[in-house]
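K.L.:
In our numbering, the protein residues as written are 3 to 500.
Beta carbons: idealized from backbone N, C-alpha and C, even for Gly.
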Amino acid sequence: MVDPADAAAPPLAEGTGTAGGRGTAVDGGWVRPRPGRRALLADVGWGAVATTTCVLGLELTRAVSDALPQAAPARVEDVAWTVLVAAPLAVRRLLPLTAMVVSTGAFVALGERHLASASTFTLNLVLFLVLLSGTAWARDRRRLAVVWVVVLTAMAGWYLLRVVLLPVGTGPTSAALVGLTALINVVYFAGALLGGRALWRGARDSAALHRTAAQLRREQERAARAAVVAERLRIARELHDVVAHHVSTTGVRAAAARRVLERGADDGTGVARAAAALREVEEGSRSAVTEMRDLLGVLRDPGADPDSDAGTGPAAVPPGAAPRELPQPSPADLPRLVEEVRACGLDVGLVVVGEPAPLPGTTGTSLHRLVQEALANVARHSAAGAARVVVRWVPDGVPDHGRGGGHGRPPGHVEEGHVEQGHVEEGHLEKGHVEVEVVDDGPARSAAQRSTGTGLGHVGMRERAALAGGWVEVGPRPGGGYRVRARYPLAEPARPPR
């Protein structure tokens, strides 16, 4: 287990003061981090156990074998060298290279002084664990290679001096013993080296898996945040469209009712007309409240208490249930929208050219909202008495005779209040699309008459159209009035590969 305090710090290479310092290991670009405090304390405990076991094994062997020295000074020296071989196991992960060098040097010194004392099983096992751990935990892999060269050179040299260079007259039996001893040593050191490297590679692969998992979690969190932001933007557009449309029509109807009451007609028809206008105001307000309540319902917590105010209303969602899909407007609802605006006193005409074709859901909603926003702008910002909505359905393969906007592009660069026509090649074959145009015939109202706008309506139009693969242009008409024109593809736009 890695201590959080150590995990937060960058890993250090042995013998360096800072991460990335001179001599830092860069094997595959990964440096094994140091263990935590608990792991280091556990190593100290295991080192103490190993040292005690080696000393005990040495003395038990001495008790049953006359090959080990029995004199007191020699026994003390054997114990001292044995402790030096086993004690570095306590720092096998903190200072792995140092532990390897100290243990190997002490083992060679002990073997040089008393060969039988260095041949105990427990001591050889501890030296194997020190070499194995040092290879697995060394953070500087270049220094590790140097240490292994030193260890193997020292052991091979000592082996040649003490075992291979036998006294003169060595028989065949001794030669066979030499070969067996050499084979055992090869297996011993190869096992420590290859096993340590396997453990190091396993730790590196595990760290890579953890990094990948952490990156995937971050990507998922980022995607979730992006989805939340996109949903909030969608709801903001919907709220803007609903409020702009219904508040504008409500204001127009209320103004009409006020003018009728101010005239004070004696025949009673004025009161009836005012009552009808106020009734329409009431119905429009209720419709606006219902739509806003439905839109805001998706922001509520599905797990909220159903008895609380936050969990009641038309948009309330029972705990554990999926939020219901709200019906979205489409081009088929344009006649009703035109009738609502016409009832407010604005003479609006609707012209449909071509055969209507099915549209993706988001495209149909975008088209309807664009017409709704454009007509609301006429009521709020213009003194026009009439407006016209034209919807053109163009199937695939129809020649473009200079209308502009081939390949789904607008006819030119469009700035707010300015439309620049671009050059389009004559005879270009159009892709299937629907084009909608909303024009009015009146000048803008005076500053005292028109309501102030934020420009978010036009921004919302362009964003909706861009999401559907279309475009929008807005600006004044050369002969007076204002025009909003948009084009949407009939097919859903292809998404870029992820």
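1) In chain order, what residues of the same chain lie with their CB nearer than 6 angstroms to the CB of HIS409, ignoring the 5 residues before and after it?
2) Our contact map puts ALA120 next to PHE109 with C-beta atoms below 8 angstroms; I'd like the distance itself, whole angstroms only.
3) Is it buried or exposed for THR367, if we count other Cβ within 10 angstroms and need 16 for buried?
4) Would you check if the distance between the CB atom of PRO485 and the CB atom of TRP473 is smaller than 9 angstroms?
5) Around the Cβ of LEU369, are there at least 16 other Cβ atoms within 10 angstroms (buried) or fewer (exposed)?
6) Rounding to the nearest angstrom, what Cα-Cα distance links LEU492 and GLY363 in this structure?
7) Roughly how many whole angstroms lie between the Cα atoms of VAL128 and GLN217?
8) Output the boundary residues of the alpha helix (DSSP H) element that contains HIS383.
9) How should SER135 be labelled, buried or exposed, when 16 other C-beta atoms within 10 angstroms of its C-beta is the threshold for buried?
10) State the DSSP-derived secondary structure class of ASP442, mapped to helix, strand or coil.
11) For ARG394, report the span of its beta strand (DSSP E) as first-last.
12) Between VAL476 and the rest of its own chain, which residues show a CB-CB distance below 6 angstroms, the 5 nearest in sequence each way excluded?
13) Start and end of the alpha helix (DSSP H) containing ASP80?
14) On a Cα-Cα basis, can you pick out the residue from PRO478, TRP32 and MET157 that is closest to ALA210?
15) Would DSSP call HIS116 helix, strand or coil?
16) Taking Cβ positions, are ARG394 and LEU352 nearer each other than 9 angstroms?
17) With DSSP as the reference, label VAL291 as helix, strand or coil.
18) Where LYS433 and PRO397 are concerned, what is the direct C-alpha to C-alpha distance, given to the nearest angstrom?
19) Exposed or buried, GLU437, counting other C-beta atoms within 10 Å across all chains shown (16 or more means buried)?
20) According to DSSP, is VAL57 part of a helix, a strand, or is it coil?
21) According to DSSP, which residues form a beta bridge with VAL490?
22) Three or more beta-carbon pairs under 8 angstroms between the segment 35–48 and the segment 78–85, yes or no?
23) When we look at the beta-carbon of GLU427 and count the other beta-carbons within 10 Å, is it buried (16 or more) or exposed?
24) Residue range of the beta strand (DSSP E) that LEU352 falls in?
25) What number of angstroms, rounded off, separates the C-alpha of LEU96 from the C-alpha of ALA238?
26) CA-CA distance, ALA468 and ALA359?
27) Return yes when the Cβ of THR106 is within less than 9 angstroms of the Cβ of VAL152, no when it is not.
28) With 16 other CB atoms within 10 Å as the buried threshold, where does LEU235 fall?
29) Buried or exposed: ARG281, going by 16 or more other Cβ atoms within 10 Å of its Cβ?
30) Since PRO478 sits in a beta bridge, which residues does DSSP pair it with?
31) When burial is assigned at 16 or more other CB atoms within 10 Å of the CB, is VAL189 buried or exposed?
32) Find the nearest neighbour of GLU392 within the set LEU361, VAL354 and GLU375, judged by alpha-carbon distance.
33) Go through its chain and collect everything with a Cβ distance to GLU418's Cβ below 6 angstroms, but skip five positions before and after it.
34) Whose C-alpha, out of ARG143, GLY387, ASN126 and GLY47, is nearest the C-alpha of ARG199?
35) Determine the DSSP secondary structure at ALA257, reduced to helix, strand or coil.
36) My understanding is that ARG34 touches TRP139, with C-beta atoms under 8 angstroms, so please give their C-beta distance in whole angstroms.
P.N.:
On the basis of the coordinates in this document:
1) Unreliable positioning characterises HIS409 in this predicted model, as indicated by a pLDDT of 43, which lies under 50. A coordinate reading is not provided.
2) 6 angstroms
3) buried
4) Before going further, note that residue 485 is Arg rather than Pro in the sequence given. Cβ distance not < 9 angstroms, so ARG485 and TRP473 don't count as in contact.
5) buried
6) 11 angstroms
7) 40 angstroms
8) 363–383
9) buried
10) strand
11) 388–396
12) HIS460 and VAL486
13) 74–88
14) TRP32
15) coil
16) no
17) helix
18) 7 angstroms
19) buried
20) helix
21) In the sequence on display, residue 490 carries Tyr and not Val. Per DSSP, VAL436.
22) no
23) Bear in mind that the predicted position of GLU427 carries a pLDDT of just 43, short of 50, making it unreliable; the figure below should be weighed with that in mind. So GLU427 ends up on the exposed side.
24) 349–355
25) 57 angstroms
26) 20 angstroms
27) yes
28) exposed
29) exposed
30) TYR484
31) exposed
32) One detail in the question is off: residue 392 reads as Val in this sequence, not Glu. Of LEU361, VAL354 and GLU375, the residue nearest in Cα terms is VAL354.
33) Caution is warranted here: a pLDDT of 40 is assigned to GLU418, below 50, making its placement in the model unreliable, and the coordinate value is therefore given only provisionally. Cβ within range, chain order: n/a, list empty.
34) ARG143
35) helix
36) 6 angstroms
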